[in-house]
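Visitor:
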Amino acid sequence: MRVNRLWHNARLATLRPHAQGLGTVEDGLIAESEGRIVYAGSASEASALEAVERVDCEGRWITPGLIDCHTHLVFAGDRAHEFELRLAGASYEEVARAGGGIVSTVKATRAASEDALVASALPRLDALIAEGVTTIEIKSGYGLELATEQRQLRAAKRLERERRIDVSATFLGAHALPPEIQDKDEYIDLVCREMLPAVARERQAEAVDAFCE
7 MRVNRLWHNA RLATLRPHAQ GLGTVEDGLI AESEGRIVYA GSASEASALE
57 AVERVDCEGR WITPGLIDCH THLVFAGDRA HEFELRLAGA SYEEVARAGG
107 GIVSTVKATR AASEDALVAS ALPRLDALIA EGVTTIEIKS GYGLELATEQ
157 RQLRAAKRLE RERRIDVSAT FLGAHALPPE IQDKDEYIDL VCREMLPAVA
207 RERQAEAVDA FCE
């Protein structure tokens, strides 16, 4: 069988159910053809393979793709100005009362276009992909009103089309109180009666989350 690329002399962590430890294959070999893995296992059990390119892993580990199950990858702005406050001893609650924290990011995210959100998220996503992440969960939660929450979710799904990675989008409308609403019950009603049904209707998220601390 002829393949495009073959990685040999590797230690494979199979993570097979019921396997002891990592389910290690010490004489590991992986073969790829036309962008698909066509063999992964022991070199001694592989049929004869011819490869355009052979990569000697020199005993290094190869693992399945990593899953990052909790991220806030899509947002605008930064909180660099808050760093000095934290170094000076200010608590997170004190920073938030001064207009920082989540609300600071909400203001910047509301002002950003969908294209801008995608552009700012791509370098963060690329850094995770470089570390082996192949599936990522991305939360909204920096809009705290329907239009921006949906814009974040659309941006998250666009990342899946921009890169070879699986994205699971989570609606986090109940992340904090928005600046314009100070009554918790009023905002929960808005999330449950208006925002969540709209997100569900347009199938923009696979999951729903809420910040409960």
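Each number in my numbering corresponds to the 1-based position in the sequence shown with 6 added.
Even glycine gets a Cβ: it sits at the ideal position worked out from N, Cα and C.
This structure is a prediction, so every number in the text was calculated from the model and none was measured.
1. Considering only C-alpha positions, which residue in the set G65, S146, L28 and V80 is nearest to S126?
2. Looking at A162 and A182, is the spacing between their C-beta atoms short of 9 Å?
3. With distances taken Cα to Cα, identify the nearest neighbour of R130 among D172, R103 and T77.
4. In the DSSP assignment, find the unbroken alpha helix (DSSP H) run with Y6 in it and report its ends.
5. Using the Cα positions of L202 and T154, report the straight-line distance between them to the nearest angstrom.
6. Would you decide whether W13 is buried or exposed? Buried here means 16 or more other CB atoms lie within 10 Å of its CB.
7. Exposed or buried, which one is E219 when buried takes at least 16 other CB atoms within 10 Å?
8. I need the straight-line Cα distance from A49 to L35, nearest angstrom please.
9. For the segment 15-32 against the segment 55-74, do three or more pairs of beta-carbon atoms, one drawn from each stretch, fall closer than 8 Å, so that the two count as touching?
Guide: In short:
1. Residue 126 sits at position 120 when you count from the first residue of the sequence shown. Closest option to S126, judged by alpha-carbon separation, among G65, S146, L28 and V80: V80.
2. Here residue 182 refers to the residue found at position 176 when the sequence shown is read from its first residue. Here residue 162 refers to the residue found at position 156 when the sequence shown is read from its first residue. It is not a contact, given that the beta carbons lie outside the stated cut-off.
3. Numbered from its first residue, the sequence shown carries residue 130 at position 124. That would be T77, whose Cα lies nearest to the Cα of R130.
4. What is shown of the chain runs 7 to 219, which leaves residue 6 out entirely.
5. Position 196 of the sequence shown, counted from the start, is the residue given in the question as residue 202. Position 148 of the sequence shown, counted from the start, is the residue given in the question as residue 154. Whole-angstrom Cα-Cα distance: 13 Å.
6. Here residue 13 refers to the residue found at position 7 of the sequence shown. So W13 ends up on the buried side.
7. For the purposes of this step, residue 219 is taken as the residue at position 213 of the sequence shown. Exposed, since its Cβ has fewer than 16 Cβ neighbours within 10 Å.
8. The sequence position of residue 49 within the sequence shown is 43, counting from 1. The sequence position of residue 35 within the sequence shown is 29, counting from 1. One C-alpha to the other measures close to 5 Å.
9. Put simply, the segment 15-32 touches the segment 55-74. At least three CB pairs are less than 8 Å apart.
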